[in-house]
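Asks: If you read the protein sequences in the order shown, they are chains A and B. Here the working numbering is used: the first residue of the first sequence is 14, the next is one more, and so on. Here the working numbering is used: the first residue of the second sequence is 180, the next is one more, and so on.
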Amino acid sequence: MDFAGAYSADFLLFLMHGLVITLKIALISIVLSFTLGSLIGIIRYAKVPVLSPVLAVLVELLRNLPLLLIILFSRFALPDLGLRLGAEGAAIVALTVFEMAMISEVVRGGLNSIPKGQVEAARSSGLNSVQTLRYIVLPQGLRRMVPPLVSQFISLLKDTSLATAIALAELMHNAQIIIGHSYNYAIPVLLLCAVIYFTVNYLLSRLSRRLENKVV
Amino acid sequence: MNTIYASLLGLAGSFILGTIIAVFRITGSKPLNWFGTAYVEFFRNIPLLLVVFLFYLGLPSLGVTLNGFVSGTMGLAVYTSSFIAEAIRAGIMAVPPGQTEAARSSGLSYVQTMIHVILPQAIKLVIPPLSNQFINLVKNSSILSIVAGFDLMYYGDVIATDTFDTINTYLFVAMFYLILTLPLSYGSRVLERKLARHD
Chain A
14 MDFAGAYSAD FLLFLMHGLV ITLKIALISI VLSFTLGSLI GIIRYAKVPV LSPVLAVLVE
74 LLRNLPLLLI ILFSRFALPD LGLRLGAEGA AIVALTVFEM AMISEVVRGG LNSIPKGQVE
134 AARSSGLNSV QTLRYIVLPQ GLRRMVPPLV SQFISLLKDT SLATAIALAE LMHNAQIIIG
194 HSYNYAIPVL LLCAVIYFTV NYLLSRLSRR LENKVV
Chain B
180 MNTIYASLLG LAGSFILGTI IAVFRITGSK PLNWFGTAYV EFFRNIPLLL VVFLFYLGLP
240 SLGVTLNGFV SGTMGLAVYT SSFIAEAIRA GIMAVPPGQT EAARSSGLSY VQTMIHVILP
300 QAIKLVIPPL SNQFINLVKN SSILSIVAGF DLMYYGDVIA TDTFDTINTY LFVAMFYLIL
360 TLPLSYGSRV LERKLARHD
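(1) Against chain B, with Cβ distances strictly below 8 Å, would Asn77 (chain A) count as a contact?
(2) Identify whether Pro308 (chain B) lies in helix, strand or coil by the three-state DSSP scheme.
(3) Taking only beta-carbon atoms, is Asn224 (chain B) less than 8 Å away from chain A?
(4) Helix, strand or coil for Glu183 (chain A), going by three-state DSSP, please let me know.
(5) Going by the beta-carbon positions, is the gap between Val159 (chain A) and Leu52 (chain A) smaller than 8 Å?
(6) Whose C-beta lies closer than 7 Å to the C-beta of Tyr349 (chain B) among residues of the same chain, with five residues either side of it excluded?
(7) Measuring only the C-alpha atoms, how far is Arg368 (chain B) from Pro307 (chain B)?
(8) Between which two residues does the alpha helix (DSSP H) containing His30 (chain A) stretch?
(9) From A:Ala107, A:Phe86, A:Leu78 and A:Ile41, pick the residue whose C-alpha is nearest to that of Phe355 (chain B); which is it?
(10) Which residue from B:Thr244, B:Asp344, B:Asn315 and B:Gln278 puts its Cα closest to that of Leu81 (chain A)?
(11) Using 8 Å as the limit for Cβ to Cβ distance, is Leu304 (chain B) near chain A?
(12) Closest Cβ-Cβ distance between Met158 (chain A) and chain B: below 8 Å?
(13) Spatial neighbours of Ile56 (chain A) within its chain, please: CB distance less than 7 Å, with the 5 preceding and 5 following residues excluded, ordered by chain position.
(14) Counting pairs of beta carbons, one from the stretch 184 to 193 of chain A and one from the stretch 15 to 34 of chain A, are three or more of them closer than 8 Å?
(15) Can you check which of these residues, A:Met115, A:Ser21 and A:Leu85, is closest to Gln165 (chain A) by C-alpha distance?
(16) With 8 Å as the limit, tell me which residues of the stretch 275 to 286 of chain B have their beta carbon closer than that to any beta carbon of chain A; keep them in chain order.
(17) Beta-carbon separation of Ala282 (chain B) and Val305 (chain B) under 8 Å?
(18) Would you list, in chain order, the members of the stretch 237 to 249 of chain B that have their beta-carbon closer than 7 Å to a beta-carbon of chain A?
(19) Near Phe111 (chain A), which residues of its chain fall below 7 Å by C-beta distance, leaving aside the five closest residues on each side in sequence?
(20) Ignoring anything shorter than 4 residues, give me the alpha helix (DSSP H) runs that lie fully in the stretch 216 to 300 of chain B, in order along the chain.
(21) On the CB-based measure, 16 or more other CB atoms within 10 Å of its CB, does Gln312 (chain B) come out buried or exposed?
(22) If we define contact as Cβ-Cβ less than 8 Å, is Ile322 (chain B) a contact residue for chain A?
(23) Name the chain B residues whose beta carbon is nearer than 9 Å to that of Ala230 (chain A)?
(24) Using a beta-carbon distance cut-off of less than 7 Å, what residues from the stretch 188 to 214 of chain A approach chain B?
(25) State the DSSP-derived secondary structure class of Ile127 (chain A), mapped to helix, strand or coil.
(26) How would you label Ser126 (chain A), buried or exposed, when you count the other beta carbons within 10 angstroms and need 16 or more for buried?
(27) Go ahead and label Ala178 (chain A) buried or exposed: buried means 16 or more other beta carbons lie within 10 angstroms of its beta carbon, across all protein chains shown.
(28) Residues of chain B with CB closer than 9 Å to the CB of Met115 (chain A), please, in chain order.
(29) Exposed or buried, Gln189 (chain A), counting other C-beta atoms within 10 Å across all chains shown (16 or more means buried)?
(30) Which residues of chain A have a Cβ atom closer than 7 Å to the Cβ of Thr345 (chain B), listed in chain order?
(31) Alpha carbon to alpha carbon, how far is Leu124 (chain A) from Arg136 (chain A)? Give it in angstroms, no decimals.
(32) Can you give me, in chain order, the residues of the stretch 29 to 57 of chain A that have a beta carbon less than 9 Å from any beta carbon in chain B?
(33) Is Pro226 (chain B) closer than 8 Å to Tyr210 (chain A) when the C-beta atoms are compared?
(34) Mind checking if Thr109 (chain A) is an interface residue toward chain B, Cβ cutoff 8 Å exclusive?
(35) Around the C-beta of Ala217 (chain B), are 16 or more other C-beta atoms found within 10 angstroms, so that it is buried, or is it exposed?
(36) Determine whether the beta carbon atoms of Ser260 (chain B) and Gly215 (chain B) lie at a separation below 8 Å.
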């Protein structure tokens, strides 16, 4: 083991470059998958005809496939269908599609957990179904969704490491390159990566606890 | 099929490890509790790939060299055990403490209380999250392909690069994964409903 060599300025800088890519990919995918996932969740909650069963099948398929497969597919198979994406684009598309399915289930579960009586009460006091969703169901459901949503975001951040397989220059990929220089760097570099991932995710889960108390 | 082997071995390993860690966290002994908490928090917050790399790339520098399949499966087991430990702990904690008190005051020892009173009730609560973890395990075993673990995904990749027919190969691989995971998802849902009805 060679801690001093592994933590030289060049290598640390190289890892930081990787971290920036990791965070960038994670952030973009979180925003996209949250938006699309919420939409799907609400559509399935509202039981929109035709659309809702089609989305149900899509969600079920995506949730039961390995993310790695989806990542490889969007990088290597989509070009054959005429959609050529770089490593970054492919990673974002794959992460978004997969996490969107996961998040839609969280949203649907959160909305469904609000007792039916509340909806009936709201409707019979004259609110229409959009108003009921907006003022009665969503505010309460959101509060319950926060913890599972954040743990999904944490999974997403961890899952960006799978993009190593398509040579995206994220944190784990750069770590592997450093380890390629010498096996003596392996443990120090991997431990540093672990600390980095841990810190980011720990901060996220702290944030979730604070949000939980705030969201009304 | 290495994917199935890795999943089953990973499940067995992570279940044993997870149970030990869960017990550490509820015994009330400070150092054991601290260790259990650190273990769970550490492995839950880092990527599975990193855990696998620690076994695959990290251990050789300590003089232990494992092949891709073994290090991949060990990584899977260690990573998943942190989730399973949490599920088991939550299940045990959900059994009202009055039951422990009643069992203890009717003369059962701590171990007897656990085996005859607490665990049978906890298992009901633990099965749904556990079956979810098993589905994740099957999907996560695809990570073995990155460390040359000769699993389903690995062979899919090899065929895709050999034949250049990427779409069909990946769709075929996807079908195989679905054959493994969809019955598991369905089964866990049925089980969950059944257990809920018994309450």
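Just so it is clear, CB atoms sit at the ideal spot from N, CA and C, and this is done for glycine as well. Note that this is a predicted model, so its numbers are computed, not measured.
Replies: The structure says:
(1) As a working mapping, residue 77 (chain A) is identified with position 64 in the first sequence. Chain B, which has a Cβ nearer than 8 Å to the Cβ of Asn77 (chain A), makes this yes.
(2) Against the second sequence, residue 308 (chain B) aligns to sequence position 129. If DSSP states are grouped into helix, strand and coil, Pro308 (chain B) belongs with the helices.
(3) The sequence position of residue 224 (chain B) within the second sequence is 45, counting from 1. Asn224 (chain B) counts as touching chain A.
(4) What you label residue 183 (chain A) is simply residue 170 of the first sequence in a count that begins at 1. Correct three-state label for Glu183 (chain A): coil.
(5) Against the first sequence, residue 159 (chain A) aligns to sequence position 146. Against the first sequence, residue 52 (chain A) aligns to sequence position 39. No; because the gap between Cβ atoms is not below 8 Å, this pair is not in contact.
(6) Here residue 349 (chain B) refers to the residue found at position 170 of the second sequence. Gly335 and Ala339.
(7) On the second sequence, position 189 is the one that residue 368 (chain B) refers to. On the second sequence, position 128 is the one that residue 307 (chain B) refers to. The alpha-carbon atoms of Arg368 (chain B) and Pro307 (chain B) are separated by roughly 8 Å.
(8) For this step, residue 30 (chain A) is matched to residue 17 along the first sequence. That run of the alpha helix (DSSP H) goes Ala22 to Ala59.
(9) The residue labelled residue 355 (chain B) in the question sits at position 176 within the second sequence. Of A:Ala107, A:Phe86, A:Leu78 and A:Ile41, the residue nearest in Cα terms is A:Leu78.
(10) If you number the first sequence from 1, residue 81 (chain A) lands on position 68. When each option's Cα is compared against that of Leu81 (chain A), the closest is B:Asn315.
(11) Here residue 304 (chain B) corresponds to residue number 125 of the second sequence, with the count starting at 1. For Leu304 (chain B), the answer is no, since every Cβ of chain A falls outside 8 Å of its Cβ.
(12) As a working note, residue 158 (chain A) is residue 145 in the first sequence. By this cut-off, Met158 (chain A) is not an interface position.
(13) Here residue 56 (chain A) refers to the residue found at position 43 when the first sequence is read from its first residue. Counting only Cβ-Cβ distances below 7 Å, and skipping sequence neighbours, we find Leu64, Ser65 and Leu68.
(14) yes
(15) Working through the first sequence from its first residue, we reach residue 165 (chain A) at position 152. It is A:Met115 whose Cα lies nearest to the Cα of Gln165 (chain A).
(16) none
(17) Residue mapping note: residue 282 (chain B) aligns to position 103 of the second sequence, counting from 1. Residue mapping note: residue 305 (chain B) aligns to position 126 of the second sequence, counting from 1. No, these two residues do not count as a Cβ contact at 8 Å.
(18) Gly237, Pro239 and Ser240
(19) Here residue 111 (chain A) is taken as the residue at index 98 of the first sequence, counted from 1. Same-chain partners within the cutoff: Leu75, Leu80 and Ile83.
(20) 227 to 232, 247 to 272 and 276 to 284
(21) Along the second sequence, read from residue 1 onward, the residue named residue 312 (chain B) stands at position 133. When all chains shown are included, Gln312 (chain B) counts as buried.
(22) In the second sequence, residue 322 (chain B) corresponds to position 143, counting from 1. Judged by the 8 Å Cβ criterion, Ile322 (chain B) is in contact with chain A.
(23) Outside the displayed span of chain A (14 to 229) sits residue 230 (chain A), for which this structure offers no information.
(24) Ile192, Tyr196, Asn197, Ala199, Ile200, Leu203, Cys206, Ala207, Tyr210, Phe211 and Asn214
(25) Walking along the first sequence from the start, residue 127 (chain A) turns up at place 114. Of the three classes helix, strand and coil, the one that applies to Ile127 (chain A) here is coil, per DSSP.
(26) Taking the first sequence and counting its residues from 1, one reaches residue 126 (chain A) at position 113. Ser126 (chain A) should be labelled exposed.
(27) Indexing the first sequence from 1 puts residue 178 (chain A) at position 165. Classification of Ala178 (chain A): buried, given that the 10 Å Cβ count is 16 or more.
(28) One-based indexing of the first sequence puts residue 115 (chain A) at position 102. The premise fails here: Met115 (chain A) is roughly 11 Å from chain B at the closest Cβ pair, so nothing lies under 9 Å.
(29) Here residue 189 (chain A) corresponds to residue number 176 of the first sequence, with the count starting at 1. When all chains shown are included, Gln189 (chain A) counts as buried.
(30) As a first step, residue 345 (chain B) must be located in the second sequence, where it is residue number 166. Within chain A, the residues near Thr345 (chain B) are Phe89, Ala90 and Asp93.
(31) Counting from 1 along the first sequence, the entry for residue 136 (chain A) is found at position 123. Counting from 1 along the first sequence, the entry for residue 124 (chain A) is found at position 111. Roughly 16 Å separates the two Cα atoms.
(32) none
(33) Along the first sequence, read from residue 1 onward, the residue named residue 210 (chain A) stands at position 197. Along the second sequence, read from residue 1 onward, the residue named residue 226 (chain B) stands at position 47. Yes, the pair counts as a contact, with Cβ atoms nearer than the cut-off.
(34) Within the first sequence, the letter at position 96 stands for residue 109 (chain A). Output row for Thr109 (chain A): interface = no.
(35) Looking up residue 217 (chain B) in the second sequence gives position 38. Counting Cβ neighbours within 10 Å, Ala217 (chain B) comes out exposed, since fewer than 16 surround it.
(36) Here residue 260 (chain B) refers to the residue found at position 81 of the second sequence. Here residue 215 (chain B) refers to the residue found at position 36 of the second sequence. Cβ atoms of Ser260 (chain B) and Gly215 (chain B): not closer than 8 Å.
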